[in-house]
Amino acid sequence: VGAALTEGPLKGRHVLVTSGPTHEPIDPVRYIANRSSGAQGTAIAAALRDLGARVTFVTGPASVPPPGGVTVVRVETAQEMAGVVKATLPVDAAVFAAAVADWRVANAAGQKMKKDGTGTLPMLEFAENPDILAGVAQMGAGRPRLVVGFAAETETVEAHATAKRARKGCDWIVANDVSPGTGIMGGSENAVVLITADGAEVWPRMAKPEVARRLAARIAAALA
Ligand code: CTP
Ligand code: CA
Numbered sequence: 175v176g177a178a179l180t181e182g183p184l185k186g187r188h189v190l191v192t193s194g195p196t197h198e199p200i201d202p203v204r205y206i207a208n209r210s211s212g213a214q215g216t217a218i219a220a221a222l223r224d225l226g227a228r229v230t231f232v233t234g235p236a237s238v239p240p241p242g243g244v245t246v247v248r249v250e251t252a253q254e255m256a257g258v259v260k261a262t263l264p265v266d267a268a269v270f271a272a273a274v275a276d277w278r279v280a281n282a283a284g285q286k287m288k289k290d291g292t293g294t295l296p297m298l299e300f301a302e303n304p305d306i307l308a309g310v311a312q313m314g315a316g317r318p319r320l321v322v323g324f325a326a327e328t329e330t331v332e333a334h335a336t337a338k339r340a341r342k343g344c345d346w347i348v349a350n351d352v353s354p355g356t357g358i359m360g361g362s363e364n365a366v367v368l369i370t371a372d373g374a375e376v377w378p379r380m381a382k383p384e385v386a387r388r389l390a391a392r393i394a395a396a397l398a
């Protein structure tokens, strides 16, 4: 691992990977985010690179560094991520590992919000962010041949993820249980269920780079 290989089963393929959380500003110094570290998306980008792919890695503010040997585009918000993804197309395959904020603050303040001294509390209003995965999965001409989504769930993982695959129109969903007890969000291991048109495959719990290598191998097989 390290430098990009020029050989490998994904040689000549361009793959897009989104990763990390997004930050949605409340005011210039505050934001709403989530607990995604970006570790799984980073490992997937590295594994695809190691199979010879040209990788464009679109990442929110992650706590792990991006891999070497890939094109890194850093973004802050979901709307920025959506714009960069659109500009990166066409690609052969797209993997949406980012934990995109579902909502942004609609009434974000242009200046730092101040206490007014009377105990009046600020009221945040929200707007729904664009669904980046669904937008790409449901595009007609120019759709990547393989669109892979993730599903972060805290209960009935397989059922929720199967419904999510149908709703979004993607080819595969990599589902994981992000309940606090599992230690998966922010941890070094992942336990995933791969949902395809053929049903659900339960993978054993393993290190995130190992999940990434297995997924990259499956992507290479699907594009072969
Ligand atoms: N996703 C996206 N854009 C969004 C929200 C989610 O591209 N605005 C992608 C994620 O990167 C992931 C997949 O959609 O690949 C599923 O994300 P998840 O949060 O599990 O699903 P949601 O559709 O947002 O549903 P919910 O959070 O309500 O379970
Ligand atoms: Ca969500």
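For the record, in the sequence shown the residue sitting at position 25 is 199 according to UniProt numbering, with numbers rising by one throughout.
Heads up, the beta-carbon is just placed ideally off N, CA and C, and yes, glycines get one too.
Residue nearest to V367 within the set G360, P383, L389, M255 is L389 (criterion: CA-CA distance).
At least one heavy atom of ligand 2 falls within 6 Å of the beta-carbon of D276. Within the stretch 251-311, the runs of alpha helix (DSSP H) that reach at least 4 residues and sit entirely inside it are, in chain order, 252-262, 306-311.
With contacts defined by Cβ atoms closer than 7 Å, V265 and H334 do not form a contacting pair. In this structure, ligand 1 has a non-hydrogen atom nearer than 6 Å to the beta-carbon of L307. The DSSP-derived three-state label of P354 is helix.
Looking at the DSSP output, N364 bridges to M380. Fewer than three beta-carbon pairs drawn from the stretch 354-362 and the stretch 298-314 are found closer than 8 Å, and the two stretches are therefore not classed as touching. Taking the Cα of A220 as reference, the smallest distance to any Cα among A391, L397, A398 is reached at A391.
Within 6 Å of the C-beta of A326 there is at least one heavy atom belonging to ligand 1. Note that the C-beta distance between G257 and P195 is not below 7 Å. Between the stretch 336-352 and the stretch 288-301, the count of Cβ pairs shorter than 8 Å is below three; the stretches do not touch.
Bounds of the beta strand (DSSP E) holding T192 are 188-193. DSSP, read as helix, strand or coil, puts V321 in strand. Residue environment for G215: buried (at least 16 other C-beta atoms within 10 angstroms of its C-beta).
P241 counts as buried, since at least 16 other C-beta atoms from the protein chains shown sit within 10 angstroms of its C-beta.
With contacts defined as CB atoms closer than 7 Å, F231 and V259 fail to qualify as a contacting pair. For R339, no beta strand (DSSP E) segment is defined; the enclosing uninterrupted segment is the alpha helix (DSSP H) at 331-342.
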